[in-house]
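The structure appears right after this line, and notes come after that.
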Amino acid sequence: MLDRASICVRGGRGGDGAMSFRREKYVPRGGPDGGDGAPGGDVVLVATRRLHDLTHFRHRHHFRAADGGAGRGGNRRGADGPELLVEVPVGTEVRTREGELLGDLVHDGQRLLVARGGEGGRGNVNFKSSTRQAPRFAERGLQGEELWVTLALKLLADVGLVGLPNAGKSSLLAALTRAKPKVAAYPFTTVTPNLGVLSLDEGPVVIADIPGLIEGASEGAGLGHRFLAHIERTAAVVYVVDGADGADAWPQALRTVRAELRAFRPELLERPSLVLVTKADLLGPEEVAAAEEFLASLGWPEAGLVVSALDGRGLEVLGHRLGTIVGRSREAARPEQVAGPEVLRPGADRLEAFTLERVGEDYVVHGRQLERLFAKADLDNEDAVAYLQEVVERAGLNDALRRAGAEPGDTVIVGGAEFEFA
Ligand SMILES: Nc1nc2c(ncn2[C@@H]2O[C@H](COP(=O)(O)OP(=O)(O)OP(=O)(O)O)[C@@H](O)[C@H]2O)c(=O)[nH]1
Ligand SMILES: [Mg+2]
């Protein structure tokens, strides 16, 4: 099972704004009517229960959302780039390459925005003013965000099987699902958790079989403690009791395992749970009756079952019981949108604050909005440059540079582009 993958996600490029003038009969020169470019599409990860691993990312690493449409004459705006949905299994943790956590997709349908599309450029209609009746320039759209993210699938089961070593947990997993865990007649056969998928009409139910728990497991005895974390997020906990141990041993077996869960995390005892007395094929009718009595005496909300992995007794009922419990808990956990990167909206004309940094002989301007304006400007177009100069003047950048000691001829860097201070 591939439980790790790296993918490159890129938001669509924003559409360019249009440079256009109205043409009407008998009107010698109409006003500007170039519409805005539209934002590029975002890349959004969506958690789904239909997938159980990350193997489909083995051959596909690049995910690029569509570009936004360019603006057109007649004040027409381009079409928004549609978002690109990338499905990942429920339980996928998403991090940047540097290891920063972007989100944890734990519910079916949960979304995480990983790469935002670039802003669209404004059309020339936006730059008309009393002194500039015919703006002969428009903005260019911005590139979308691009980054590598690491996906890691955490073992995320709906149901956890817990019990003493050798109780028959792995055998039950094998009987219920197509998983093929190692089964043997000695304790600690299972050394790492096994996962299996039980297909039901209600949808797939993922079952985890963890190594056997013994007294002191929560403090490190045996192997199970390392894996208790894997059942932390399950919807249900199923206690497996070895029927062959005899009626006298059942209550103590259950107590021991529950004591370890309590010591690890008391909330685990509040989880919907049921008890199975297994290996029923080895029990005579009287012992089966005793097992049923034991289960009834517990008085739990979910009735326990007497089952056998060997002859399949009780497994169908068990499957449906698990489907019901898991379905109920999925209903309770509504999808939620994980906060993505902050939303930046184009069009705001008031400029935010910027800062100046002296780097050697040069002046570097830091300011999200100013940097974007420069990135969108068509610097080969004289009118666009004149407009930028106006904005820069209004924003007080020239004053700030002068106060900082800048002299004509000094280099000013904004958004990666170099200019000469004049
Ligand atoms: N007759 C019979 N034997 C069973 C049944 N289930 C399990 N066994 C046997 O019990 C022994 C232990 O089974 P496992 O499924 O490996 O037990 P486990 O709980 O996974 O054990 P650990 O991984 O060590 O914790 C094996 O010899 C199985 O063949 C059953 O329903 N009937
Ligand atoms: Mg096992």
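For the sequence shown, the numbering used here assigns the number 17 to the initial residue and increments by one for each residue that follows. No residue lacks a Cβ here, since even glycine has one placed at the ideal position from N, Cα and C.
For residue i, three-class secondary structure by DSSP
| i | result |
| --- | --- |
| residue 358 | Because residue 358 sits at a pLDDT of 36, beneath the cut-off of 50, its placement in the model cannot be relied upon, and the following sentence gives the value as read from the coordinates. It is coil, neither helix nor strand. |
| residue 246 | helix |
| residue 397 | coil |
| residue 85 | coil |
| residue 438 | coil |
| residue 290 | strand |
| residue 366 | No answer about residue 366 holds up, because its pLDDT of 48 lies below 50 and its placement is not dependable. |
| residue 416 | helix |
| residue 272 | helix |
| residue 219 | strand |
| residue 100 | strand |
| residue 75 | coil |
| residue 296 | helix |
| residue 141 | helix |
| residue 256 | strand |
| residue 31 | coil |
| residue 37 | strand |
| residue 42 | coil |
| residue 324 | coil |
| residue 407 | helix |
| residue 48 | strand |
| residue 380 | strand |
| residue 63 | strand |
| residue 118 | strand |
Any non-hydrogen atom of ligand 1 within 7 Å of residue i CB
| i | result |
| --- | --- |
| residue 204 | yes |
| residue 96 | no |
| residue 317 | no |
| residue 173 | no |
| residue 209 | no |
| residue 28 | no |
| residue 187 | yes |
| residue 262 | no |
| residue 181 | yes |
| residue 200 | yes |
| residue 307 | no |
Distance cut-off 7 Å: residue i Cβ against heavy atoms of ligand 2
| i | result |
| --- | --- |
| residue 295 | no |
| residue 197 | yes |
| residue 225 | yes |
Proximity of residue i and residue j at Cβ, strictly below 8 Å
| i | j | result |
| --- | --- | --- |
| residue 160 | residue 32 | no |
| residue 97 | residue 86 | no |
| residue 181 | residue 230 | yes |
| residue 30 | residue 119 | no |
| residue 55 | residue 90 | no |
| residue 430 | residue 398 | no |
| residue 303 | residue 269 | no |
| residue 260 | residue 292 | no |
| residue 407 | residue 389 | yes |
| residue 255 | residue 178 | yes |
| residue 28 | residue 139 | no |
| residue 311 | residue 319 | yes |
| residue 426 | residue 379 | yes |
| residue 117 | residue 23 | no |
Nearest-angstrom beta carbon gap, residue j and residue i [assumed within contact, 8 Å]
| i | j | result |
| --- | --- | --- |
| residue 306 | residue 323 | With 8 Å as the limit, residue 306 and residue 323 do not qualify as a contact, their Cβ atoms being about 15 Å apart. |
| residue 70 | residue 169 | 6 Å |
| residue 124 | residue 106 | 6 Å |
| residue 383 | residue 369 | 7 Å |
| residue 129 | residue 58 | 5 Å |
| residue 333 | residue 314 | Their Cβ separation, rounded to whole angstroms, is 17 Å, which puts residue 333 and residue 314 out of contact at 8 Å. |
| residue 47 | residue 154 | Incorrect: roughly 14 Å between the Cβ atoms, too far for contact. |
| residue 244 | residue 210 | Wrong, their Cβ atoms sit about 15 Å apart, outside the cutoff. |
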